[in-house]
Amino acid sequence: MVVDTRCEDDSLPNIKWVLDLAKAAVLRHGVRGLVIDPYNELDHQRPPNQTETEYVSQMLTLIKRFAQHHGCHVWFVAHPRQLHNWVGDPPNLYDISGSAHFINKCDNGIVIHRNRDPEAGPVDQVKVCVRKVRNKVAGTIGEAILLYNR
Numbered sequence: 083m084v085v086d087t088r089c090e091d092d093s094l095p096n097i098k099w100v101l102d103l104a105k106a107a108v109l110r111h112g113v114r115g116l117v118i119d120p121y122n123e124l125d126h127q128r129p130p131n132q133t134e135t136e137y138v139s140q141m142l143t144l145i146k147r148f149a150q151h152h153g154c155h156v157w158f159v160a161h162p163r164q165l166h167n168w169v170g171d172p173p174n175l176y177d178i179s180g181s182a183h184f185i186n187k188c189d190n191g192i193v194i195h196r197n198r199d200p201e202a203g204p205v206d207q208v209k210v211c212v213r214k215v216r217n218k219v220a221g222t223i224g225e226a227i228l229l230y231n232r
């Protein structure tokens, strides 16, 4: 199910708005999967006395509780911060902009990387790297390469 996530007044959506919309989709339509993409497009209404790390921790806890309460998988897409010394290898989960809580609190952490620099390696492949698996029944850490011709 695809949901138009534009707010009615053209403001940026915040996590509460997204989860309220997702709750309605779960209850009305039986939706069991939610993709929040990308993190940096959300309006982060962080109180002035709260650090970014504290905010991210609280937000991820809210998302995990939503997923557990509603029996809904949540895929949260967060992009890496600007990597000044990037050498072509895929980033790791600690490279996500914002907080180490993205790796500490996730159940599964996956990096999807496409090389865009021909000098750093092939540009016709995407590397899918499973970097974290909390519950071993869900899978194992590893990598797969997908080839494409466009």
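For what it's worth, the numbering used here labels the leading residue of the sequence shown as 83, then goes sequentially. Idealized CB from N, CA, C, for every residue including glycine.
Excluding residues up to 5 positions away in sequence, N190, G221, T222 and I223 lie with their Cβ nearer than 7 Å to the Cβ of V215 in the same chain. Bridge pairing for W157: V117 [DSSP]. F148 has its alpha-carbon roughly 18 Å from the corresponding atom of A160. Following the DSSP letters along the chain, one finds N186 in no beta strand (DSSP E) but inside the alpha helix (DSSP H) bounded by residues H183 to N186. For H152, no beta strand (DSSP E) segment is defined; the enclosing uninterrupted segment is the alpha helix (DSSP H) at E134 to H152. In this chain, the beta strand (DSSP E) harbouring A226 covers G224 to L229.
DSSP places H126 outside both helix and strand once states are collapsed to three, so it counts as coil. V108 sits in a helix when the DSSP states are folded into three classes. Non-local beta-carbon contacts of K187 in its own chain, meaning distances under 6 Å to residues more than five positions away in sequence, involve L142 in chain order.
In the three-state scheme derived from DSSP, where H, G and I count as helix and E and B as strand, V212 is classed as strand.
Between L144 and L101 the beta-carbon gap is near 7 Å, inside 8 Å, which marks them as a contact.
At the C-beta level, G203 and G180 stay beyond 7 Å of one another.
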